[in-house]
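Novice: Residue numbers (full-length UniProt numbering), protein chains in the order written: chain E, 1 to 294; chain X, 1 to 294; chain Y, 1 to 294; chain V, 1 to 294; chain W, 1 to 294.
Glycine included, every Cβ here is placed at the ideal spot set by N, Cα and C.
Please read these numbers as outputs of a predicted model, since none were measured by experiment.
Pasting in a structure now, in structure tokens, and then I'll have a few things to ask.
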Amino acid sequence: MKVYNNKDWAQFVFMVSKSDTIRKLAPLILIIFVYSLGVTYLEIHYFKVTADSWVRNLPQMHSLLSFVISMLLVFRTNTAYDRWWEGRKLWGQLVNNSRNFAIKIAGMVDTQDEENRRFFSRAIPIYAFALKDHLQSKATEYSLHDGEIKGLPTKLSPELHVPNQIAKGLFSRINHLYGERKITGDQLIVLNGEVSALTDICGACERIKNTPIPYSYSSFIKKFIMLYTLTLPIGYAYMLGYFAAPIVAFVFYVLASLELIAEEIEEPFGDDENDLPMEKLSKNIQRHVGEILD
Amino acid sequence: MKVYNNKDWAQFVFMVSKSDTIRKLAPLILIIFVYSLGVTYLEIHYFKVTADSWVRNLPQMHSLLSFVISMLLVFRTNTAYDRWWEGRKLWGQLVNNSRNFAIKIAGMVDTQDEENRRFFSRAIPIYAFALKDHLQSKATEYSLHDGEIKGLPTKLSPELHVPNQIAKGLFSRINHLYGERKITGDQLIVLNGEVSALTDICGACERIKNTPIPYSYSSFIKKFIMLYTLTLPIGYAYMLGYFAAPIVAFVFYVLASLELIAEEIEEPFGDDENDLPMEKLSKNIQRHVGEILD
Amino acid sequence: MKVYNNKDWAQFVFMVSKSDTIRKLAPLILIIFVYSLGVTYLEIHYFKVTADSWVRNLPQMHSLLSFVISMLLVFRTNTAYDRWWEGRKLWGQLVNNSRNFAIKIAGMVDTQDEENRRFFSRAIPIYAFALKDHLQSKATEYSLHDGEIKGLPTKLSPELHVPNQIAKGLFSRINHLYGERKITGDQLIVLNGEVSALTDICGACERIKNTPIPYSYSSFIKKFIMLYTLTLPIGYAYMLGYFAAPIVAFVFYVLASLELIAEEIEEPFGDDENDLPMEKLSKNIQRHVGEILD
Amino acid sequence: MKVYNNKDWAQFVFMVSKSDTIRKLAPLILIIFVYSLGVTYLEIHYFKVTADSWVRNLPQMHSLLSFVISMLLVFRTNTAYDRWWEGRKLWGQLVNNSRNFAIKIAGMVDTQDEENRRFFSRAIPIYAFALKDHLQSKATEYSLHDGEIKGLPTKLSPELHVPNQIAKGLFSRINHLYGERKITGDQLIVLNGEVSALTDICGACERIKNTPIPYSYSSFIKKFIMLYTLTLPIGYAYMLGYFAAPIVAFVFYVLASLELIAEEIEEPFGDDENDLPMEKLSKNIQRHVGEILD
Amino acid sequence: MKVYNNKDWAQFVFMVSKSDTIRKLAPLILIIFVYSLGVTYLEIHYFKVTADSWVRNLPQMHSLLSFVISMLLVFRTNTAYDRWWEGRKLWGQLVNNSRNFAIKIAGMVDTQDEENRRFFSRAIPIYAFALKDHLQSKATEYSLHDGEIKGLPTKLSPELHVPNQIAKGLFSRINHLYGERKITGDQLIVLNGEVSALTDICGACERIKNTPIPYSYSSFIKKFIMLYTLTLPIGYAYMLGYFAAPIVAFVFYVLASLELIAEEIEEPFGDDENDLPMEKLSKNIQRHVGEILD
């Protein structure tokens, strides 16, 4: 995630950052530009379009459809942002949960019981790291992290579902404490909620990751943008001459940018500039849980 | 559900996939096209419309109403997408729930108690398969799945509500464990939440399935689109000549596509390309629960 | 509620069903039509409006305000639909709740304890029927339903709040079971949530029923539609001649339909075509609870 | 709150009720009307504006900005309505809560224990009345209501936070019952949720009451409406002559009405026509709790 | 937060308060104004633009894109407002929670147990103050507040996460009470929810604070506004002459204001006029908790 000073307009307007849509769209914008020049040339020099030609009135269709296309793009923007923000909320809950879990363990488990306290102090943050890797689908070596942790499966099998295995380890340990009467049944209920919340967060993140917006919308919006832009110079050439080319290119830049940003945002678990800082959040969890339990 | 590479614009724009609206709408688009040609012919050669005719100003009405129609379609799109996404969330919860359920059983039930562990290891995923079949209304043979499971009614009567019977079987078994003092009252409360969640998910899916958007909206939007498109060539013929036909056809394609996609999306429990991958999710549940309990 | 085949466009477009807005609006549309003819006649033959008259430019105001009116109508549509969908969700929860309640009773109450099982098997569905009648404000005879049920007040006083009395009866019985040690304290907590949920659903339905959208909005939207439509022919008569009449009538049909549908939808507890199938849902509850408990 | 028959359009369109925005805006509308006449007079007789004057094209700006202003007003409308509806939901929850509380007390407390039953039968509805008065900031005498209630502070100090004191009294009594072993620990947990819910509702109502929409939006929208309306006649005078005056006044009426209604709605705890019927709801609570506990 | 009388339009329209966007935008508006004058001068006196020039038709592009820009700004406005309102809700929950916590402690802890009552009476409000300072990132001296509180870490290390340390202190004390059998297990569960809620609120506030809207949107909207405004005078100069300058400046004022207000609102934890009154809310918590526990 890119941190930025929201107030500095000059920076936003004149700097073209690495993630700017204009970079990614540059080739397509150029093609549209050249295509528009071509259309204009044909209309002026070849077809010799005159004032009574039908193309004069084509822009009427474009303004008729401009509402539909704007609204579709805003629908797309809203949907993508909602997914991104839901992802952020889920990781926020993960932070909360991990802290609450640690605070409760700190209060319930005897301060002498070094072993159990260390177990949770290490196992809770591992969950966040495992989830991050799981969502980025790396076969990661977090199982090496901090040496082996007794109570978690010695080697987390990476071909299995890793966060689940950690959750299972956490719950078993809690249940074990209950079996040993180190915590009471009331405390069991309290702690149980924390472990469930972890797997709920994991499942919700998976849902966002593996369910893109329905294919039909994604396909229709792209088709619509292209057809809309490609018919635009036909009507504009008459009105604007060769200047139609930069204008059509600009309209395409605006429409395609919105679709492009939406595509980036709606998948918040990568490591682009717009993606969630899961690495940092995991480290925060590690630090906070450490502060509380060590 | 169709998995796709969101970034490949060329594929989206130039390929016409099986589920594309343009295929389904082709006959209607053709009719509109021919109708527009007919209207144009009549206006030009029969009525000989002149510059002072009233039809010159008809497009004013269309642009006046273009906001209303755009907004209605976006309302439709939002509603349909919300239903689809709610369906996806519910199945995501089913995954979470099944995992949590298994994790808790794994922690609570004695590791020696092979019988009970196997019961839950099989009965939990069955719920997901049963729900899938229930939502797709097939008289399915999942009761044969994996042989008979002791503790579930020997033969799930397909004419009864199958998911309910499984939930009843699950809850009875839990209560039985409590009666045998294999789990405590505190653990009972913990497990109880899981079973309730299953039937809540089932009920919510049924609600989405059996309650379409109110008839009045569905009917009004279709009427409105048709009346809007059919009056469009009357005004456009004067301005655009025979080229009015492709333009009217294109406007119709855009408006009708949105309605058509909405219709597909709002019912997420079929087995179209846009529908939820319930089969796959059920298998995931089976695999995860297996990993945890076996 | 009307069940319909969403895919059959022809049916939607050419059939005018009983609940179609065009039927209800027919008289008003006719009045608007005649009024527009009158305005046009006056402008053409009496005032002899010419090209430099100010009325030529009146449509500018209408297009300026067309955004506001469209957005207001969509706000109205969204609000009404949200109320309708919330009503549907509440009844969905009622179904879930009743099932969960029954499943738990089935697990907790001894299978020999015929009396208690029958009590709940009958009393739970009664709640749904009572709520339906309560929401439709009929002084109904459901108290006769299935003879007297021991444990519910012999005669539910219809002048009192009936669903409350049933909930009170259910809760008393549960508490009684707890007093007799037939269920434990842990089970009491589990069952208690179910009864609370019933009254929460009842209260939420009452809220939807007795709180229409604020008077100011309802009144303003209607005033705005009428003023907008009545000034429309003044500007259109010049441009469109006598054809202004059908066009103004069509614009009015569109705007008023949206308001009319919203009015119907926002009150989902009647027995119109668009209203919720509470009778059917109640019968489903009865059937499912029966399957589980009998 | 005004109860009204939604279906009677004539009433809405031709009657000007006391709370109609047209009454409150009348002076401002008149000023705008006279101002527009003045601008028109100046343009026609003093500046003698001709067809090539720039003012001819000013309306272009107004139509460019008409989207922005419409959308801002809809944002305003949505926000205000959401606050109003949230207020309504909170009071709905208060009704539910009070009923649930009473139902549970009725089941748990011995039917012989007149004293405790009477305490709750009186103290629960008092909370609703106190909240109403608290939200309307009256130094009220509800402490006199129904004589002194033993167990509540003899005189509720009005300078303190009254609803809090009642909640404290309720919780103390419940805890007292638990101390006297009249209710079990399980029942304590059940009842505890009810008291918490009461203070949560109180806090949420306070939040709505004491947090208006951010000053910047409120100020910007009003400035925008005025600047928009005041520049409107400059461009319209050329096109519409003296008829610009009623048209500008009408546009102002529409825009200002939306802002005005939003202002009224967003503060739902007064005693205007659009405000919530808290008095009535409190009386309903009193009646229902009475039915259940007496 | 600025408290204001919503009804006084004159104040809003004619007074320019300190936080008004017009002040902050004044330099930029001036630049745009001068730039527009320059463009107009060039077009009229240098390029001598004539009626058949293409620039005559440039405004067509601006009206085509006016929907997109309006909708983007409303998306921005909605998003910012949602963040602000979520922040407000979280602090409202903090108030509720603190009260509920105090009410429960008041009921559970023996009235003689001065020490514990004083501990909670002081420690609960400290949490709110600490959260405020934490969110405003001041290295504050609240640890000095009210002298040392036994049971909280003697000196809250400001370099650690302060609210977490207080929550840990609160939970330890509760668990201690449970260990000493001063509260039962049932009461532990009740109190536990309150402490969890505190850290959940803290985490959610942190999420809002440290996650701005994705960089891509923020950057794209600013670029779009600037490009849109800077090309506007090119088309308007022909139509409006030198009067294009104030009009372009006004359009820029409207668009940039919306972006500017959104920027201020979306970060609700500063101490601007639009920010949340956290200081005041914390003092309220202190007063209410004091009323309840002292």
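Between which two residues does the alpha helix (DSSP H) containing X:K89 stretch?
Specialist: Your numbering for residue 89 of chain X matches position 89 in the second sequence. Start and end: 58 to 108.
Novice: Classify E:R181 as helix, strand or coil using the three-state DSSP reduction.
Specialist: Counted from its first residue, the first sequence places residue 181 of chain E at position 181. Correct three-state label for E:R181: coil.
Novice: Less than 8 Å between CB atoms is the rule here; does E:K104 satisfy it with respect to chain X?
Specialist: As a first step, residue 104 of chain E is located in the first sequence; it is residue number 104 there, counting from the start. Not an interface residue.
Novice: Just tell me which of V:F250, V:I69, V:I201 has its CA closest to the CA of V:W34.
Specialist: Position 34 of the fourth sequence holds residue 34 of chain V. Inspection of the sequence shows that residue 34 of chain V is occupied by Val rather than by Trp. The residue with the shortest Cα to Cα distance from V:V34 is V:F250.
Novice: What's the C-alpha gap between Y:A197 and Y:N97?
Specialist: On the third sequence, position 197 is the one that residue 197 of chain Y refers to. On the third sequence, position 97 is the one that residue 97 of chain Y refers to. Cα to Cα, the separation comes out at about 7 Å.
Novice: Does the beta-carbon of W:F75 have 16 or more other beta-carbons within 10 angstroms, so that it is buried, or is it exposed?
Specialist: Start at 1 with the first residue of the fifth sequence, and residue 75 of chain W comes out as number 75. Counting Cβ neighbours within 10 Å, W:F75 comes out buried, since at least 16 surround it.
Novice: Taking Cβ to Cβ, would you say E:G87 is nearer than 8 Å to E:C205?
Specialist: Taking the first sequence and counting its residues from 1, the one referred to as residue 87 of chain E is at position 87. Taking the first sequence and counting its residues from 1, the one referred to as residue 205 of chain E is at position 205. Yes, the Cβ-Cβ distance between E:G87 and E:C205 is below 8 Å.
Novice: Quick one: using the 10 Å Cβ neighbour count with 16 as the cut-off for buried, is W:P27 buried or exposed?
Specialist: Residue mapping note: residue 27 of chain W aligns to position 27 of the fifth sequence, counting from 1. With fewer than 16 Cβ atoms within 10 Å of its Cβ, W:P27 is classed as exposed.
Novice: Identify the contact partners of Y:T21 in chain X, using a Cβ-Cβ distance below 8 Å as the criterion.
Specialist: To locate residue 21 of chain Y, count along the third sequence from 1; it is residue 21. By Cβ distance, chain X contributes S216, F220.
Novice: Tell me which residues share the same chain as V:T167 and place their Cβ nearer than 8 Å to its Cβ, disregarding the 5 neighbours each side in the sequence.
Specialist: For the purposes of this step, residue 167 of chain V is taken as the residue at position 167 of the fourth sequence. The identity of residue 167 of chain V in the sequence shown is Ala, whereas the question assumes Thr. Only Y127, V195, L198, T199, C202 meet the Cβ criterion.
Novice: Please report the straight-line C-alpha distance between W:E267 and W:R83, rounded to a whole angstrom.
Specialist: As a position in the fifth sequence, residue 267 of chain W is number 267, starting the count at 1. As a position in the fifth sequence, residue 83 of chain W is number 83, starting the count at 1. Computed Cα separation, rounded: 8 Å.
Novice: So which residues of chain X does E:H134 contact, with C-beta pairs closer than 9 Å?
Specialist: Here the question's residue 134 of chain E lines up with position 134 in the first sequence. None at all; the shortest Cβ gap to chain X is about 12 Å.
Novice: Can you tell me which of the three DSSP states W:H161 falls into?
Specialist: The count along the fifth sequence starts at 1 and reaches residue 161 of chain W at position 161. Note: W:H161 maps to coil in three-state DSSP.
Novice: Chain E beta carbons: is any one of them nearer than 8 Å to that of X:V254?
Specialist: By 1-based counting over the second sequence, the position of residue 254 of chain X is 254. By this cut-off, X:V254 is an interface position.
Novice: Does Y:R173 have its Cβ less than 8 Å from a Cβ in chain X?
Specialist: Against the third sequence, residue 173 of chain Y aligns to sequence position 173. Not closer than 8 Å to any Cβ of chain X, the Cβ of Y:R173 fails to qualify, so no.
Novice: Any contact of the stretch 282 to 290 of chain W with the stretch 113 to 127 of chain W, i.e. 3+ C-beta pairs under 8 Å?
Specialist: yes
Novice: Looking only at its chain, what residues have a beta carbon closer than 7 Å to the beta carbon of E:I213, apart from the 5 residues adjacent to it on each side?
Specialist: Sequence index remark: in the first sequence, residue 213 of chain E carries index 213 (1-based). Counting only Cβ-Cβ distances below 7 Å, and skipping sequence neighbours, we find T79, E266.
Novice: Under 8 Å between the Cβ atoms of Y:I247 and Y:Y236?
Specialist: Along the third sequence, one-based indexing puts residue 247 of chain Y at 247. Along the third sequence, one-based indexing puts residue 236 of chain Y at 236. It is a contact, given that the beta carbons lie within the stated cut-off.
Novice: State yes or no: is the beta carbon of V:F75 nearer than 8 Å to at least one beta carbon in chain W?
Specialist: As a working mapping, residue 75 of chain V is identified with position 75 in the fourth sequence. Interface residue, yes.
Novice: Out of W:D110, W:L260, W:I105, which has the shortest C-alpha to C-alpha gap to W:T21?
Specialist: Within the fifth sequence, residue 21 of chain W is the residue found at index 21, counting from 1. W:T21 has its Cα closest to that of W:L260, out of W:D110, W:L260, W:I105.
Novice: Helix, strand or coil for V:V49 per DSSP?
Specialist: Reading the fourth sequence from its first residue, position 49 is the one you call residue 49 of chain V. Coil at V:V49, not helix or strand.
Novice: May I ask which residues mark the beginning and end of the alpha helix (DSSP H) holding Y:L260?
Specialist: Taking the third sequence and counting its residues from 1, the one referred to as residue 260 of chain Y is at position 260. Taken as a continuous stretch (DSSP letters only), the alpha helix (DSSP H) holding Y:L260 covers 244 to 265.
Novice: I think X:L293 touches X:A102, with their Cβ atoms under 8 Å apart; what is that distance to the nearest whole Å?
Specialist: To locate residue 293 of chain X, count along the second sequence from 1; it is residue 293. To locate residue 102 of chain X, count along the second sequence from 1; it is residue 102. Yes, they are in contact, since the Cβ atoms of X:L293 and X:A102 sit about 5 Å apart, within 8 Å.
Novice: For X:T111, count neighbouring Cβ atoms within 10 angstroms of its own Cβ and tell me buried if that reaches 16, exposed if not.
Specialist: Locating residue 111 of chain X in the second sequence gives position 111, where the first residue counts as 1. With fewer than 16 other Cβ atoms within 10 Å, it is exposed.
Novice: Could you check the C-alpha separation between W:Y242 and W:Y41 for me, to the nearest Å?
Specialist: Position 242 of the fifth sequence holds residue 242 of chain W. Position 41 of the fifth sequence holds residue 41 of chain W. Taking the straight line from one Cα to the other gives about 8 Å.
Novice: Is it buried or exposed, X:L73, if we count other Cβ atoms within 10 angstroms and call 16 or more buried?
Specialist: Indexing the second sequence from 1 puts residue 73 of chain X at position 73. Buried.
Novice: Going by DSSP in three states, X:P214 sits in which element: helix, strand or coil?
Specialist: If you number the second sequence from 1, residue 214 of chain X lands on position 214. Note: X:P214 maps to coil in three-state DSSP.
Novice: Give me, in chain order, the residues of the same chain whose beta-carbon lies closer than 7 Å to that of residue 364 of chain W; leave out the 5 immediate sequence neighbours on both sides.
Specialist: Since the displayed chain W opens at 1 and closes at 294, residue 364 of chain W lies outside it and no answer follows.
Novice: DSSP three-state call for V:T21: helix, strand or coil?
Specialist: Taking the first residue of the fourth sequence as 1, we reach residue 21 of chain V at position 21. Correct three-state label for V:T21: helix.
Novice: Can you tell me where the alpha helix (DSSP H) with Y:Q136 in it begins and where it stops?
Specialist: The residue labelled residue 136 of chain Y in the question sits at position 136 within the third sequence. No alpha helix (DSSP H) contains Y:Q136, which DSSP labels as neither H nor E.
Novice: What residue range does the alpha helix (DSSP H) around W:L281 cover?
Specialist: Counting from 1 along the fifth sequence, the entry for residue 281 of chain W is found at position 281. Run containing W:L281: 278 to 293, per the alpha helix (DSSP H) assignment.
Novice: When you compare each of W:G38, W:G107, W:E43, W:K48 to W:K182 by their alpha carbons, which one comes out closest?
Specialist: Within the fifth sequence, numbered from 1, the residue matching residue 182 of chain W stands at position 182. From the listed residues W:G38, W:G107, W:E43, W:K48, the smallest Cα separation to W:K182 is found for W:G107.
Novice: Look up residue 296 of chain E in the DSSP assignment and say whether it is helix, strand or coil.
Specialist: The structure shown does not extend to residue 296 of chain E, since chain E spans only 1 to 294, so no value can be given for it.
Novice: Answer with buried or exposed for E:R173, where buried requires no fewer than 16 other C-beta atoms within 10 angstroms of its C-beta.
Specialist: Locating residue 173 of chain E in the first sequence gives position 173, where the first residue counts as 1. Per the 10 Å Cβ criterion, buried.
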